[in-house]
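So the sequence shown is numbered by this note's numbering: it starts at 857 and just counts up by one.
Heads up, the beta-carbon is just placed ideally off N, CA and C, and yes, glycines get one too.
Here is the structure we will look at, set down as C-alpha coordinates.
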Amino acid sequence: MPVSPQEAEKLASYLDREYYSEVLGAKGGEVSYVYTDRTDTLWCVIYKEGLYQFDRRCRQFVPYDIDRDQSVSKEICLIYQDRSGVIWFGTVGKGLVKRVPADGHGAEETFHFIRYQRNDDVPNSISSNTIHSILEDREGNFWIATDLGLNRWDAGTDSFIHFRMSDGLPSDLIYGILEDDQGNLWLSTNHGLSKFNPNTRTFKNYFDEVQIQGNVYGINALCRRRNGEMFFGGENGLNAFHPDSIRENSHIPSIVITDFLLFNKSVTPGGKSPLKKTITETSEILLAHDQDVFSFEFAALDFTHPEQNKYAYKMEGVDPDWVYTDASRRFATYTRLSP
(Lines of atoms letter the chains of each structure in order from A and count residues from 1; the text may use other names and numbers.)
(Lines give C-alpha, C1' and ligand atoms only; values in the text may rest on other atoms or scores of the structure.)
Protein backbone atom coordinates (compact mmCIF):
# COMPACT_ATOMS: atom_id res chain seq x y z
CA MET A 1 0.00 0.00 0.00
CA PRO A 2 1.53 3.39 -0.97
CA VAL A 3 2.15 5.81 1.91
CA SER A 4 2.45 9.56 1.42
CA PRO A 5 5.41 11.45 2.97
CA GLN A 6 3.02 13.08 5.44
CA GLU A 7 1.62 9.70 6.51
CA ALA A 8 5.11 8.26 6.74
CA GLU A 9 6.14 11.09 9.04
CA LYS A 10 3.16 10.44 11.31
CA LEU A 11 3.96 6.73 11.39
CA ALA A 12 7.61 7.40 12.20
CA SER A 13 6.65 9.76 15.03
CA TYR A 14 4.60 7.01 16.66
CA LEU A 15 6.78 4.01 16.01
CA ASP A 16 10.27 5.38 15.52
CA ARG A 17 13.19 3.19 14.51
CA GLU A 18 14.33 2.50 18.07
CA TYR A 19 11.09 0.91 19.21
CA TYR A 20 10.42 -0.70 15.85
CA SER A 21 13.79 -2.42 15.87
CA GLU A 22 13.48 -3.41 19.51
CA VAL A 23 10.42 -5.47 18.77
CA LEU A 24 11.16 -6.68 15.29
CA GLY A 25 14.94 -6.60 15.26
CA ALA A 26 16.03 -7.96 18.62
CA LYS A 27 13.17 -10.45 18.72
CA GLY A 28 13.57 -11.24 15.06
CA GLY A 29 9.82 -11.62 14.89
CA GLU A 30 7.17 -10.84 12.34
CA VAL A 31 4.13 -8.84 13.44
CA SER A 32 1.17 -11.02 12.49
CA TYR A 33 -1.67 -9.04 14.08
CA VAL A 34 -2.25 -5.47 15.33
CA TYR A 35 -5.27 -4.21 17.28
CA THR A 36 -6.22 -1.03 19.17
CA ASP A 37 -8.88 -1.36 21.88
CA ARG A 38 -11.25 1.34 23.15
CA THR A 39 -8.76 2.51 25.78
CA ASP A 40 -6.38 3.23 22.88
CA THR A 41 -4.11 0.41 23.98
CA LEU A 42 -2.08 -0.97 21.11
CA TRP A 43 -1.73 -4.75 20.96
CA CYS A 44 0.43 -6.73 18.59
CA VAL A 45 1.16 -10.40 18.09
CA ILE A 46 4.72 -11.25 17.11
CA TYR A 47 5.15 -14.51 15.26
CA LYS A 48 6.78 -17.19 17.45
CA GLU A 49 7.13 -14.67 20.30
CA GLY A 50 3.63 -13.98 21.59
CA LEU A 51 1.42 -11.07 22.62
CA TYR A 52 2.72 -7.56 23.32
CA GLN A 53 1.25 -4.25 24.51
CA PHE A 54 2.67 -0.83 23.71
CA ASP A 55 3.45 1.00 26.98
CA ARG A 56 3.00 4.70 26.25
CA ARG A 57 4.75 5.78 29.46
CA CYS A 58 8.08 4.18 28.63
CA ARG A 59 7.30 3.94 24.90
CA GLN A 60 8.15 0.29 24.67
CA PHE A 61 6.43 -2.91 23.70
CA VAL A 62 6.15 -5.21 26.70
CA PRO A 63 5.12 -8.89 26.75
CA TYR A 64 1.57 -9.59 27.85
CA ASP A 65 1.25 -13.01 29.43
CA ILE A 66 -1.94 -14.97 28.97
CA ASP A 67 -0.21 -18.20 29.89
CA ARG A 68 3.09 -18.89 31.58
CA ASP A 69 4.91 -20.43 28.65
CA GLN A 70 3.29 -18.18 26.01
CA SER A 71 2.17 -21.28 24.09
CA VAL A 72 -1.32 -19.80 23.72
CA SER A 73 -0.14 -16.21 23.14
CA LYS A 74 2.08 -17.32 20.26
CA GLU A 75 -0.96 -18.67 18.41
CA ILE A 76 -3.22 -15.60 18.73
CA CYS A 77 -4.67 -14.60 15.37
CA LEU A 78 -7.55 -12.37 16.45
CA ILE A 79 -8.37 -9.82 19.18
CA TYR A 80 -11.93 -8.56 19.77
CA GLN A 81 -13.36 -6.21 22.41
CA ASP A 82 -17.05 -6.53 23.19
CA ARG A 83 -19.40 -3.73 24.26
CA SER A 84 -18.77 -4.35 27.96
CA GLY A 85 -15.03 -3.92 27.47
CA VAL A 86 -14.11 -7.60 27.78
CA ILE A 87 -11.34 -8.62 25.39
CA TRP A 88 -11.45 -11.93 23.54
CA PHE A 89 -8.51 -13.65 21.88
CA GLY A 90 -8.93 -16.11 19.03
CA THR A 91 -6.12 -18.56 18.34
CA VAL A 92 -4.99 -21.13 15.83
CA GLY A 93 -5.39 -24.51 17.50
CA LYS A 94 -5.45 -23.22 21.10
CA GLY A 95 -9.10 -22.28 21.45
CA LEU A 96 -10.89 -19.09 22.51
CA VAL A 97 -9.64 -16.98 25.44
CA LYS A 98 -11.67 -14.37 27.37
CA ARG A 99 -9.98 -11.74 29.55
CA VAL A 100 -12.08 -10.65 32.54
CA PRO A 101 -11.25 -8.40 35.53
CA ALA A 102 -9.98 -10.33 38.54
CA ASP A 103 -11.70 -10.07 41.93
CA GLY A 104 -10.37 -7.57 44.42
CA HIS A 105 -8.97 -4.09 44.13
CA GLY A 106 -5.35 -3.19 43.65
CA ALA A 107 -3.22 -0.31 42.55
CA GLU A 108 -3.43 -1.65 39.01
CA GLU A 109 -6.30 -3.47 37.39
CA THR A 110 -5.59 -7.18 37.10
CA PHE A 111 -7.24 -9.83 34.99
CA HIS A 112 -7.70 -13.54 34.76
CA PHE A 113 -8.32 -15.60 31.66
CA ILE A 114 -10.99 -18.13 30.75
CA ARG A 115 -10.04 -20.51 27.98
CA TYR A 116 -12.58 -22.42 25.89
CA GLN A 117 -11.41 -25.52 24.07
CA ARG A 118 -13.07 -28.27 22.11
CA ASN A 119 -13.82 -31.32 24.22
CA ASP A 120 -15.27 -34.31 22.40
CA ASP A 121 -16.73 -35.55 25.68
CA VAL A 122 -18.67 -32.29 26.18
CA PRO A 123 -21.20 -31.78 23.33
CA ASN A 124 -21.74 -28.09 24.08
CA SER A 125 -18.06 -27.17 24.13
CA ILE A 126 -16.76 -24.96 21.32
CA SER A 127 -16.70 -26.85 18.01
CA SER A 128 -13.07 -26.07 17.14
CA ASN A 129 -9.87 -24.70 18.66
CA THR A 130 -9.14 -22.56 15.58
CA ILE A 131 -10.95 -19.21 15.65
CA HIS A 132 -11.33 -17.02 12.57
CA SER A 133 -13.79 -14.28 13.58
CA ILE A 134 -15.83 -13.03 16.56
CA LEU A 135 -18.95 -10.85 16.53
CA GLU A 136 -21.26 -9.49 19.23
CA ASP A 137 -24.60 -8.81 17.56
CA ARG A 138 -27.15 -6.12 18.38
CA GLU A 139 -28.91 -8.45 20.82
CA GLY A 140 -25.70 -9.12 22.74
CA ASN A 141 -25.25 -12.61 21.35
CA PHE A 142 -21.69 -13.75 20.63
CA TRP A 143 -20.90 -15.55 17.39
CA ILE A 144 -17.62 -17.32 16.72
CA ALA A 145 -16.50 -18.41 13.25
CA THR A 146 -14.25 -21.47 13.23
CA ASP A 147 -12.91 -24.03 10.78
CA LEU A 148 -15.60 -26.40 12.06
CA GLY A 149 -18.75 -24.32 11.81
CA LEU A 150 -20.47 -21.36 13.46
CA ASN A 151 -20.78 -21.17 17.26
CA ARG A 152 -23.07 -19.08 19.45
CA TRP A 153 -21.80 -18.59 22.97
CA ASP A 154 -24.56 -18.83 25.58
CA ALA A 155 -23.52 -16.52 28.43
CA GLY A 156 -26.13 -17.98 30.79
CA THR A 157 -24.77 -21.52 30.60
CA ASP A 158 -21.25 -20.59 29.47
CA SER A 159 -21.60 -23.11 26.65
CA PHE A 160 -21.82 -23.16 22.85
CA ILE A 161 -24.49 -23.91 20.27
CA HIS A 162 -23.14 -25.24 16.97
CA PHE A 163 -24.26 -24.68 13.37
CA ARG A 164 -22.74 -26.92 10.71
CA MET A 165 -23.28 -27.97 7.10
CA SER A 166 -26.01 -30.31 8.30
CA ASP A 167 -27.90 -27.19 9.45
CA GLY A 168 -27.59 -25.48 6.05
CA LEU A 169 -24.12 -23.93 5.94
CA PRO A 170 -22.40 -24.24 2.55
CA SER A 171 -19.16 -25.16 4.35
CA ASP A 172 -17.96 -25.70 7.91
CA LEU A 173 -14.89 -23.55 7.20
CA ILE A 174 -16.03 -20.01 8.06
CA TYR A 175 -13.68 -17.07 7.56
CA GLY A 176 -15.64 -14.06 8.85
CA ILE A 177 -18.93 -12.63 10.18
CA LEU A 178 -20.77 -9.33 9.59
CA GLU A 179 -24.24 -8.27 10.80
CA ASP A 180 -26.67 -6.33 8.60
CA ASP A 181 -29.33 -3.80 9.63
CA GLN A 182 -31.97 -6.54 9.84
CA GLY A 183 -29.96 -8.64 12.30
CA ASN A 184 -28.89 -11.23 9.73
CA LEU A 185 -25.36 -12.57 9.87
CA TRP A 186 -23.31 -12.70 6.67
CA LEU A 187 -20.68 -15.42 6.70
CA SER A 188 -17.74 -15.78 4.33
CA THR A 189 -16.66 -19.38 3.81
CA ASN A 190 -14.49 -21.46 1.50
CA HIS A 191 -17.64 -22.27 -0.49
CA GLY A 192 -19.41 -18.97 -1.03
CA LEU A 193 -21.29 -16.46 1.12
CA SER A 194 -24.09 -17.38 3.49
CA LYS A 195 -26.81 -15.25 5.09
CA PHE A 196 -27.96 -16.61 8.45
CA ASN A 197 -31.19 -15.56 10.15
CA PRO A 198 -30.64 -16.10 13.91
CA ASN A 199 -34.39 -16.00 14.63
CA THR A 200 -35.38 -18.75 12.20
CA ARG A 201 -31.94 -20.41 12.24
CA THR A 202 -31.98 -20.70 8.47
CA PHE A 203 -29.24 -20.14 5.89
CA LYS A 204 -29.40 -18.64 2.40
CA ASN A 205 -26.26 -19.45 0.42
CA TYR A 206 -24.69 -17.55 -2.46
CA PHE A 207 -22.12 -19.11 -4.78
CA ASP A 208 -19.93 -17.83 -7.60
CA GLU A 209 -22.65 -18.69 -10.10
CA VAL A 210 -24.59 -15.66 -8.80
CA GLN A 211 -21.94 -13.03 -9.53
CA ILE A 212 -19.79 -13.11 -6.41
CA GLN A 213 -16.01 -12.93 -6.80
CA GLY A 214 -15.55 -16.64 -6.11
CA ASN A 215 -16.29 -19.31 -3.56
CA VAL A 216 -13.17 -18.85 -1.40
CA TYR A 217 -12.66 -15.84 0.88
CA GLY A 218 -9.85 -14.51 3.05
CA ILE A 219 -9.77 -14.96 6.83
CA ASN A 220 -11.44 -11.88 8.37
CA ALA A 221 -11.03 -10.06 5.03
CA LEU A 222 -14.22 -8.08 5.46
CA CYS A 223 -15.65 -4.80 6.71
CA ARG A 224 -18.92 -2.91 6.95
CA ARG A 225 -19.40 0.78 6.27
CA ARG A 226 -21.61 2.96 8.44
CA ASN A 227 -24.25 3.01 5.71
CA GLY A 228 -24.50 -0.79 5.89
CA GLU A 229 -22.54 -1.60 2.75
CA MET A 230 -20.45 -4.74 3.12
CA PHE A 231 -17.13 -5.79 1.64
CA PHE A 232 -15.77 -9.33 1.43
CA GLY A 233 -12.34 -10.07 0.00
CA GLY A 234 -11.44 -13.37 -1.61
CA GLU A 235 -9.09 -15.16 -3.94
CA ASN A 236 -10.55 -13.53 -7.06
CA GLY A 237 -11.19 -9.99 -5.85
CA LEU A 238 -13.64 -8.07 -3.70
CA ASN A 239 -17.42 -8.14 -3.32
CA ALA A 240 -19.17 -4.91 -2.36
CA PHE A 241 -22.93 -4.86 -1.79
CA HIS A 242 -25.68 -3.55 0.46
CA PRO A 243 -27.77 -6.41 1.89
CA ASP A 244 -31.00 -4.42 1.44
CA SER A 245 -30.37 -4.28 -2.31
CA ILE A 246 -30.45 -8.06 -2.73
CA ARG A 247 -33.78 -9.34 -4.02
CA GLU A 248 -34.56 -12.92 -3.12
CA ASN A 249 -36.30 -15.26 -5.54
CA SER A 250 -39.65 -15.86 -3.83
CA HIS A 251 -40.95 -18.17 -6.56
CA ILE A 252 -41.80 -21.64 -5.26
CA PRO A 253 -41.45 -24.06 -8.19
CA SER A 254 -43.67 -27.04 -8.86
CA ILE A 255 -42.46 -30.40 -7.56
CA VAL A 256 -42.79 -33.60 -9.57
CA ILE A 257 -42.11 -37.22 -8.63
CA THR A 258 -39.63 -38.46 -11.23
CA ASP A 259 -39.21 -42.12 -10.25
CA PHE A 260 -40.62 -44.88 -8.06
CA LEU A 261 -38.34 -47.66 -6.81
CA LEU A 262 -38.97 -51.03 -5.16
CA PHE A 263 -36.00 -52.50 -3.33
CA ASN A 264 -33.80 -49.82 -4.95
CA LYS A 265 -34.87 -50.78 -8.49
CA SER A 266 -36.80 -48.43 -10.76
CA VAL A 267 -40.39 -49.54 -11.46
CA THR A 268 -42.02 -49.16 -14.88
CA PRO A 269 -45.69 -49.71 -15.83
CA GLY A 270 -46.94 -52.98 -17.26
CA GLY A 271 -47.39 -56.63 -16.35
CA LYS A 272 -47.48 -57.24 -12.59
CA SER A 273 -46.02 -53.84 -11.87
CA PRO A 274 -47.80 -51.82 -9.17
CA LEU A 275 -47.71 -48.92 -11.64
CA LYS A 276 -50.45 -48.82 -14.25
CA LYS A 277 -49.18 -45.52 -15.66
CA THR A 278 -45.92 -43.63 -15.49
CA ILE A 279 -45.13 -42.31 -12.05
CA THR A 280 -45.79 -38.73 -13.16
CA GLU A 281 -49.37 -39.73 -14.10
CA THR A 282 -50.02 -41.91 -11.05
CA SER A 283 -52.18 -40.65 -8.18
CA GLU A 284 -52.13 -43.79 -6.00
CA ILE A 285 -50.11 -47.00 -5.68
CA LEU A 286 -51.25 -50.33 -4.21
CA LEU A 287 -48.43 -52.51 -2.87
CA ALA A 288 -48.35 -56.10 -1.64
CA HIS A 289 -47.52 -56.69 2.02
CA ASP A 290 -44.00 -57.87 1.17
CA GLN A 291 -43.22 -54.88 -1.07
CA ASP A 292 -42.10 -52.97 1.98
CA VAL A 293 -38.94 -51.16 0.82
CA PHE A 294 -39.71 -48.39 -1.63
CA SER A 295 -38.49 -44.94 -2.62
CA PHE A 296 -39.67 -41.84 -4.43
CA GLU A 297 -37.37 -39.55 -6.36
CA PHE A 298 -38.45 -35.96 -6.97
CA ALA A 299 -37.32 -32.71 -8.56
CA ALA A 300 -38.22 -29.03 -8.62
CA LEU A 301 -39.09 -27.51 -11.99
CA ASP A 302 -36.63 -24.66 -11.54
CA PHE A 303 -33.37 -24.85 -13.42
CA THR A 304 -31.81 -21.47 -12.62
CA HIS A 305 -29.52 -22.95 -9.97
CA PRO A 306 -30.93 -26.44 -9.32
CA GLU A 307 -28.03 -27.38 -7.03
CA GLN A 308 -29.26 -24.73 -4.56
CA ASN A 309 -32.82 -26.05 -4.28
CA LYS A 310 -34.00 -27.21 -0.86
CA TYR A 311 -36.76 -29.76 -0.30
CA ALA A 312 -39.05 -31.01 2.44
CA TYR A 313 -41.29 -34.08 2.37
CA LYS A 314 -43.66 -35.83 4.76
CA MET A 315 -45.68 -39.05 4.45
CA GLU A 316 -48.88 -38.71 6.41
CA GLY A 317 -49.24 -41.32 9.11
CA VAL A 318 -45.53 -42.15 8.97
CA ASP A 319 -43.37 -39.04 9.31
CA PRO A 320 -44.15 -37.06 12.47
CA ASP A 321 -42.50 -33.92 11.02
CA TRP A 322 -41.24 -32.58 7.73
CA VAL A 323 -38.01 -34.15 6.54
CA TYR A 324 -35.61 -31.61 5.01
CA THR A 325 -33.11 -32.40 2.30
CA ASP A 326 -31.21 -30.73 -0.55
CA ALA A 327 -30.43 -31.20 -4.23
CA SER A 328 -27.91 -33.94 -3.53
CA ARG A 329 -30.55 -36.18 -1.88
CA ARG A 330 -33.76 -35.80 -3.89
CA PHE A 331 -35.42 -38.97 -2.68
CA ALA A 332 -37.45 -40.41 0.18
CA THR A 333 -37.10 -44.05 1.24
CA TYR A 334 -39.45 -46.03 3.48
CA THR A 335 -38.88 -49.52 4.90
CA ARG A 336 -40.87 -52.10 6.81
CA LEU A 337 -44.08 -50.09 6.95
CA SER A 338 -47.12 -51.72 8.51
CA PRO A 339 -49.76 -52.88 5.97
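For residue i, the nearest candidate out of the options (CA to CA)
i     : options                       : result
V1072 : I935, L1049 and L1118         : L1049
F910  : D938, V978, D923 and T895     : T895
L1025 : T1134, D1177, Q1164 and N1092 : Q1164
F1019 : G1012, R994, S981 and V1123   : S981
H988  : T1136, K1051 and L1043        : L1043
R994  : L1041, A958 and Y972          : L1041
K1060 : K1166, E905, V942 and P957    : K1166
G996  : G1127, G1005, H968 and D938   : D938
L1029 : H1047, S927, V948 and T1013   : H1047
H1098 : A1011, K1051, E1137 and R913  : K1051
D893  : Q916, A1011, G941 and I922    : G941
T1136 : R913, L1143, D1010 and I1111  : I1111
E905  : G1084, S1027, S927 and R1082  : S927
D921  : Y891, V953, G949 and V948     : V953
T947  : E1104, D1010, I1000 and D1177 : I1000
D1182 : P1176, E1172, A1156 and M1171 : A1156
F998  : S1027, G1039, T966 and F967   : G1039
L1034 : L1078, R1057 and R1185        : L1078
G949  : L1004, F967 and L1193         : L1004
Alpha-carbon to alpha-carbon, residue j and residue i
i     : j     : result
Y1180 : G1090 : 31 Å
H1161 : K930  : 44 Å
P1195 : K1133 : 23 Å
V978  : R1080 : 35 Å
I1209 : F1088 : What the structure shows of the chain is the stretch from 857 to 1195, and residue 1209 is not part of that stretch, so it cannot be assessed.
V1123 : Y1169 : 21 Å
Y908  : Y972  : 21 Å
L976  : N1055 : Looking at the sequence shown, residue 976 is not Leu but Asp. Those two C-alpha atoms are separated by around 28 Å.
N1120 : D1158 : 26 Å
G1093 : S1101 : 20 Å
E992  : S1139 : 52 Å
T1002 : D1115 : 40 Å
V1174 : P1125 : 26 Å
V859  : Y936  : Because the pLDDT at V859 is just 49, under 50, the model does not fix this residue reliably, and the point stays unresolved.
R873  : R974  : Bear in mind that a pLDDT of 49 at R873, under 50, signals an unreliable position, so the number given afterwards is only what the model happens to contain. Taking the straight line from one Cα to the other gives about 42 Å.
I970  : T1013 : 14 Å
S1022 : P1130 : 35 Å
A1188 : L1143 : 17 Å
R1082 : N1095 : 17 Å
L898  : R1103 : 41 Å
F1128 : R1185 : Contrary to the premise, residue 1128 reads as Lys rather than Phe in this sequence. C-alpha separation (whole angstroms): 29 Å.
G881  : A958  : With a pLDDT of 41 at G881, under the threshold of 50, the modelled position of this residue cannot be trusted, and the question is left open.
W1178 : G1032 : 32 Å
D1010 : T1058 : 19 Å
S1106 : E1172 : 27 Å
Y1062 : R912  : 46 Å
Nearest-angstrom Cβ-Cβ length linking residue i and residue j, presumed shorter than 8 Å
i     : j     : result
I1113 : F1154 : 5 Å
D1148 : T1191 : 7 Å
Y903  : C933  : Y903 to C933, Cβ: 11 Å. No contact.
C900  : V887  : 5 Å
Test item: CB-CB of residue i and residue j under 8 Å
i     : j     : result
G951  : N1007 : no
S983  : F945  : no
R924  : I943  : no
F1152 : L1118 : no
G1084 : D1037 : yes
Going residue by residue through the region 983-1035, where are the continuous beta strand (DSSP E) segments of at least 3 residues, counting only ones entirely within it? 987-992, 998-1002, 1005-1010, 1015-1019 and 1030-1035
Enumerated in chain order, which unbroken segments of the beta strand (DSSP E) with a length of 3 residues or greater are wholly contained in the region 906-972? 906-911, 916-919, 932-937, 943-947, 952-957 and 967-972
Restricting to runs no shorter than 3 residues, where is the beta strand (DSSP E) found entirely within the region 1091-1141? 1093-1097 and 1111-1118
Whole runs of the beta strand (DSSP E) within the region 1145-1188, excluding any shorter than 3 residues: Scanning the region 1145-1188 from its first residue to its last, the whole beta strand (DSSP E) runs of 3-plus residues come out as 1149-1156, 1166-1169 and 1179-1182.
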